[in-house]
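Just so you know, we're using the numbering used here here: the sequence shown kicks off at 11 and counts up by one. Backbone N, C-alpha and C fix where the C-beta goes; we use that ideal spot for every residue, glycine too. What you are looking at is a predicted structure, and each value in this text was computed from that prediction instead of being measured. The structure appears right after this line, and notes come after that.
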Amino acid sequence: MSRPQFNRILLKLSGEVLMGKNQFGIDPEMVARLAREIAEAKEAGHELCIVVGGGNIYRGIAGAAQGFDRASADYMGMLATVMNSLALQNALEQIGLDTRVQSAIPMATVCEPYIRRRAVRHMEKGRIVIFAAGTGSPYFTTDTTAALRAAEMNCDALFKGTSVDGVYDADPKKVEGAKRYDSLDFNRVLADNLRVMDASAVALCRDNNIPIVVFNIRDEGNLTQVLDGGGTATIVTN
Ligand code: UDP
């Protein structure tokens, strides 16, 4: 099934994608490969902005389970996303792309603060904007951040690059014969509690009519294919 093509997109990269073949942290080879694919997407004419997760380094909920105060643990998670964002920025710049990192938690000596109008301006100038530090508030996720920034930046779609090739009716790693959907609607995702993104991210995309495309970004070349409307993915729309 072919999917529509979208011009301005928000790419959400889960932290675990940046681990590559490792169990933790940042794999420079993987980040360099992602950067090359992002460069291809740019060359193909897409306008891109990116939200990077932090789960490869730290998750607030895991920290809270170990006894840290949840809000403090979430701030630690948000800082992890800044590290990932800087790694990706560096890899993109090494291959000549113009980028800016904007952090929702201001850290003036490291990157720009998040300023929506400035981010829009960067995109108009052809720069890739990487949004770091999530929403800047604890108790949220980078999925919700991705939905929020996609709406703020007037993106045509949100592409979620993850380690599975779409949305299934059960966890394909645990349930043999789990069925993958080519397309779904937002209300079905919410009613059936399907694992696409967290519910607040899905609701935000539904209310702002921003399609979500879930695909496996670990497979080399898949980003380009999926952006072209091909490859294997699940699209969620109204
Ligand atoms: N986080 C947060 N507020 C946000 C975004 C992220 O508190 O707006 C924290 C939260 O602790 C989360 C961590 O940052 O666990 C890393 O983000 P996430 O788990 O979404 O990363 P991913 O699963 O995409 O790697």
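Could you give the DSSP three-state label for P38: helix, strand or coil? Here P38 sits in helix by DSSP.
Let me confirm a value: F34 is counted as buried when at least 16 other C-beta atoms fall within 10 Å, else exposed. Which label applies? Sixteen is the threshold: since fewer than 16 other Cβ atoms of the shown chains lie within 10 Å of the Cβ of F34, the residue is exposed.
Counting pairs of beta carbons, one from the region 195 to 202 and one from the region 142 to 149, are three or more of them closer than 8 Å? Three or more beta-carbon pairs separated by less than 8 Å are not found between the region 195 to 202 and the region 142 to 149, which leaves the two stretches without contact.
Quick one: what's S193 bridged to in DSSP? Answer by DSSP bridge pairing, in chain order: I245.
Evaluate contact between the region 11 to 22 and the region 161 to 181, counting only Cβ atoms and requiring at least three cross-stretch pairs below 8 Å. By the C-beta criterion, the region 11 to 22 is judged to be in contact with the region 161 to 181, since at least 3 inter-stretch pairs fall below 8 Å.
Can you give, in chain order, each stretch of the beta strand (DSSP E) that sits fully within the region 99 to 182 and has at least 3 residues? Runs found: 109 to 113, 138 to 142, 167 to 172.
In the DSSP assignment, the alpha helix (DSSP H) including N232 goes from what residue to what residue? For N232, the uninterrupted alpha helix (DSSP H) run begins and ends at 232 to 237, by DSSP.
When we look at the beta-carbon of N32 and count the other beta-carbons within 10 Å, is it buried (16 or more) or exposed? Exposed, by the Cβ-count rule.
Here's a check: name, in chain order, each residue in its chain whose Cβ is nearer than 7 Å to the Cβ of R137, leaving out the five neighbours to either side. Cβ neighbours of R137 beyond the five flanking positions: D108, T109, R110.
Who are the Cβ neighbours of A51 in its own chain at under 7 Å, not counting the five residues just before and after it? Counting only Cβ-Cβ distances below 7 Å, and skipping sequence neighbours, we find L58, L233, T234, L237.
Give every residue of the same chain whose Cβ lies closer than 8 Å to the Cβ of I125, excluding the five residues on either side of it in the sequence, and list them in chain order. Only Q112 meet the Cβ criterion.
In this structure, how does DSSP classify K184 when only helix, strand and coil are distinguished? In the displayed model, K184 falls within coil according to three-state DSSP, outside both helix and strand.
In whole angstroms, what is the alpha-carbon distance linking G176 and D229? Straight-line Cα distance between these residues: approximately 13 Å.
Using a Cβ-based criterion (distance less than 7 Å to any ligand heavy atom), does M88 qualify as near ligand 1? M88 Cβ: within cutoff of ligand 1.
For V212, report the span of its alpha helix (DSSP H) as first-last. V212 -> alpha helix (DSSP H) spans 209 to 217.
Using a 10 Å radius around the Cβ and a threshold of 16 neighbouring Cβ atoms, would you call R131 buried or exposed? R131 is exposed by the Cβ-count criterion.
Pick helix, strand or coil for R46, following the three-state DSSP scheme. Helix.
On the CB-based measure, 16 or more other CB atoms within 10 Å of its CB, does G77 come out buried or exposed? Exposed: under 16 other Cβ atoms inside 10 Å.
7 Å CB neighbourhood of I115 in its chain, flanking five on each side removed: Only M88, A143, G146 meet the Cβ criterion.
Any heavy atom of ligand 1 closer than 7 Å to the Cβ of R13? Checking every heavy atom of ligand 1 against the Cβ of R13, none is found closer than 7 Å.
For D79, verify whether its CB is less than 7 Å away from any heavy atom of ligand 1. Distance from the C-beta of D79 to the nearest heavy atom of ligand 1 is not below 7 Å.
So is A97 buried or exposed if we call it buried at 16+ other beta carbons inside 10 Å? Under this definition A97 is a buried residue.
Suppose you measure from the CA of K22 to the CA of G239; what does that come to, to the nearest Å? Rounded to whole angstroms, K22 to G239 spans 17 Å at the Cα level.
Just to confirm, is the Cβ distance from I222 to K170 under 8 Å? Yes, these two residues count as a Cβ contact at 8 Å.
Would you report the Cα separation of G63 and R69, rounded to the nearest angstrom? About 9 Å.
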